[in-house]
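Under our numbering, the sequence shown is numbered contiguously, ending at residue 220.
Note that the Cβ used here is the ideal one computed from N, Cα and C, for glycine as well.
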Amino acid sequence: MNSTNMLSEYLAEYLVDVITNLLGSVWSSDTNDSLPLNKFVKEFLKKAKTSYSVLIVSIFYLMRFRKKLSRLIHLNSAVACRKCFLMAVILSSKFLDDVHPSNFAWAKFSGIDIQEINDYEKMLLDFLDYDLYISKECFYGLSCSLAKYCEISISGIQLPIKKNKEYFSTYTRNDFCMDFYSLNQCVPNFDASNNPYYEALQTFTNVV
């Protein structure tokens, strides 16, 4: 396996971890769940052949409506996590792609009832104030930051980032900035103030 493919696979694994941690910060893991969220996300992405861009925007949406998900805390954790993840992917796909799967197709991919998908879609659109827009700068900032984290990890450098439920449960835009700036300590010649990531990050953190 060449280094590019290795990085791509590692990045996919990392993004799945980001998604499961974001959702896990709202709902605790259900130990009785026959199919853990992490595995569900991986299998769904494989079946749906979700693009990298759709996945990045899905993470952006999850970060935006994460705080409002507390309204659903009474729901079964395994079911709610999967539906919210699915909705983020569906909304992302509809925003990015001129031709995208129908909700019926998403129901087939996920095994979730079509009516439930329609209901959750309306609810999460409301959480987002029906605003699905993400600027190129914002997308670039989030994408590059996640990719850079992955690149550092795969090269064997220890990241100063705690990827656990407790950390993500209180994750704020300031935390994101601190994570980003911490790259200065890890990457040779990484100057945040003169780096193209910097301006993009400012746009991103002002939106989240």
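Determine the contact status of residue 28 and residue 54, defining contact as a CB-CB distance below 7 Å.
Counted from its first residue, the sequence shown places residue 28 at position 16. Counted from its first residue, the sequence shown places residue 54 at position 42. Contact flag set, yes.
Below 8 Å on the Cβ atoms is my guess for residue 73 versus residue 154; work out the distance and round it to an integer in Å.
Taking the sequence shown and counting its residues from 1, the one referred to as residue 73 is at position 61. Taking the sequence shown and counting its residues from 1, the one referred to as residue 154 is at position 142. No, residue 73 and residue 154 are not in contact; Cβ-Cβ is about 11 Å, not under 8 Å.
Considering only their Cβ atoms, is the gap separating residue 52 from residue 226 smaller than 7 Å?
An answer regarding residue 226 cannot be provided, because it is not within the stretch 13 to 220 covered by the chain.
Per the contact definition of three or more C-beta pairs closer than 8 Å, is the stretch 30-37 in contact with the stretch 105-115?
No, the stretch 105-115 is not in contact with the stretch 30-37.
Between residue 134 and residue 100, what straight-line distance do the alpha-carbon atoms span, to the nearest angstrom?
Sequence index remark: in the sequence shown, residue 134 carries index 122 (1-based). Sequence index remark: in the sequence shown, residue 100 carries index 88 (1-based). If you take the alpha carbons of residue 134 and residue 100, they lie about 12 Å apart.
Have a look at residue 103 and residue 69 and give me their C-alpha separation to the nearest angstrom.
Here residue 103 corresponds to residue number 91 of the sequence shown, with the count starting at 1. Here residue 69 corresponds to residue number 57 of the sequence shown, with the count starting at 1. The straight-line gap from Cα to Cα measures roughly 9 Å.
Alpha carbon to alpha carbon, how far is residue 67 from residue 120? Give it in angstroms, no decimals.
Within the sequence shown, numbered from 1, the residue matching residue 120 stands at position 108. Within the sequence shown, numbered from 1, the residue matching residue 67 stands at position 55. C-alpha separation (whole angstroms): 19 Å.
So, with DSSP's three-state summary, where would you put residue 32?
As a first step, residue 32 must be located in the sequence shown, where it is residue number 20. Helix.
Rounding to the nearest angstrom, what Cα-Cα distance links residue 179 and residue 71 in this structure?
For the purposes of this step, residue 179 is taken as residue 167 along the sequence shown, with counting starting at 1. For the purposes of this step, residue 71 is taken as residue 59 along the sequence shown, with counting starting at 1. Since pLDDT at residue 179 reaches only 46, below the 50 mark, its modelled position is unreliable, and no value is offered.
Determine, using beta carbons only, whether residue 72 comes closer than 7 Å to chain D.
Reference to chain D is not applicable here, since this structure consists of a single protein chain.
Quick check: what's the CA-CA separation for residue 64 versus residue 117?
Position 52 of the sequence shown, counted from the start, is the residue given in the question as residue 64. Position 105 of the sequence shown, counted from the start, is the residue given in the question as residue 117. Those two C-alpha atoms are separated by around 19 Å.
Near residue 144, which residues of its chain fall below 7 Å by C-beta distance, leaving aside the five closest residues on each side in sequence?
Residue numbering aside, residue 144 sits at position 132 when the sequence shown is read from its first letter. Around residue 144: 103 and 107.
From the DSSP output, in three-state form, read off residue 152 for me.
Here the question's residue 152 lines up with position 140 in the sequence shown. Correct three-state label for residue 152: helix.
Ignore the nearest five residues each way along the sequence and tell me which others in residue 59's own chain have a CB closer than 7 Å to its CB.
Mapped onto the sequence shown, residue 59 falls at position 47. Closer than 7 Å at Cβ, skipping near neighbours: 121.
With 16 as the cutoff for other CB atoms within 10 Å, does residue 136 come out buried or exposed?
As a first step, residue 136 must be located in the sequence shown, where it is residue number 124. By the neighbour-count rule (16 or more Cβ atoms within 10 Å), residue 136 is buried.
Beta-carbon separation of residue 115 and residue 124 under 7 Å?
As a working note, residue 115 is residue 103 in the sequence shown. As a working note, residue 124 is residue 112 in the sequence shown. Cβ atoms of residue 115 and residue 124: not closer than 7 Å.
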